[in-house]
Amino acid sequence: MTVLQLFEKVRIMWGGVEPLKEKVAFVTGDVIEPDLGLSDADRKMLAEEVDIIIHAAATIRFDEELKKAVLINVRGTKLMLELGKQFKKLRMFIHISTAYCHLHEKLLEEKPYPPPADPHHVIQTIEWMIKPMPPLINGTKPHRPKIYECYTTNKTRTTGSTVFSL
Numbered sequence: 001m002t003v004l005q006l007f008e009k010v011r012i013m014w015g016g017v018e019p020l021k022e023k024v025a026f027v028t029g030d031v032i033e034p035d036l037g038l039s040d041a042d043r044k045m046l047a048e049e050v051d052i053i054i055h056a057a058a059t060i061r062f063d064e065e066l067k068k069a070v071l072i073n074v075r076g077t078k079l080m081l082e083l084g085k086q087f088k089k090l091r092m093f094i095h096i097s098t099a100y101c102h103l104h105e106k107l108l109e110e111k112p113y114p115p116p117a118d119p120h121h122v123i124q125t126i127e128w129m130i131k132p133m134p135p136l137i138n139g140t141k142p143h144r145p146k147i148y149e150c151y152t153t154n155k156t157r158t159t160g161s162t163v164f165s166l
């Protein structure tokens, strides 16, 4: 963020990198890890200081191994939501995702649709699973990464009023 061209307008708007460093907390982590790969010190700092979470970690590879994709996209989001509940100053959790379309619907309305299976059961199944997932979890349609968005969107939608899924 401090050198990428993508953030040039943000740096100009804030008058350089230093004011940004006062507003943005960078931590090392990994959403595939059960504890998000966060150190105790980072977890404590986040819980005490952060008021907005922007969660955009995901895999969008269509050939991603199913277990890895569910752990990153679905469980990772669940763990981020749980982490956010520990934040004393949390005002907003923003989840950034591509859209999931329920292909079996003839007309898609601007409303949430239920996933083909309970996201919690999907996570539990994937965590102990060694072999590839049966078609049940993937529904009857192709494009595996899209089904994870369905589960993830459902999880963010059912978590609370400070969660916004983009």
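When you line the sequence shown up against the UniProt record's numbering, it's residues 1 to 166, in that order. A virtual CB, placed ideally from N, CA and C, is assigned to each residue, including glycine.
Within its own chain, the residues whose Cβ lies closer than 7 Å to the Cβ of leucine 108, once the five positions on either side in sequence are excluded, are Cys101, His102, listed in chain order.
Listed in chain order, the non-local C-beta contacts of leucine 38 below 6 Å within the same chain comprise Gly29, local neighbours out to five positions each way being set aside. Residue range 92–95 is occupied by the beta strand (DSSP E) that includes methionine 92.
The residue among Gln86, Leu71, Gly84 with its C-alpha nearest the C-alpha of histidine 121 is Leu71.
Taking a cut-off of 8 Å on C-beta distances, the segment 1–19 does not touch the segment 55–72, as fewer than three cross pairs fall below it. Secondary-structure assignment with DSSP links isoleucine 52 through a beta bridge to Met92. With a threshold of 16 other beta carbon atoms within 10 Å, histidine 95 meets it and is buried. Here the C-alpha atom of isoleucine 53 lies approximately 22 Å from the C-alpha atom of proline 112. Around the beta carbon of arginine 75, 16 or more other beta carbons lie within 10 angstroms, which makes this residue buried. Taking C-beta atoms as the reference points, lysine 88 and glutamate 48 count as a pair closer than 8 Å. The C-alpha of glutamine 124 is placed about 36 Å away from the C-alpha of lysine 23.
Valine 31 and methionine 80 do touch by the CB rule: their CB atoms are close to 7 Å apart, below 8 Å. For glutamine 124, the enclosing alpha helix (DSSP H) starts and ends at 119–128.
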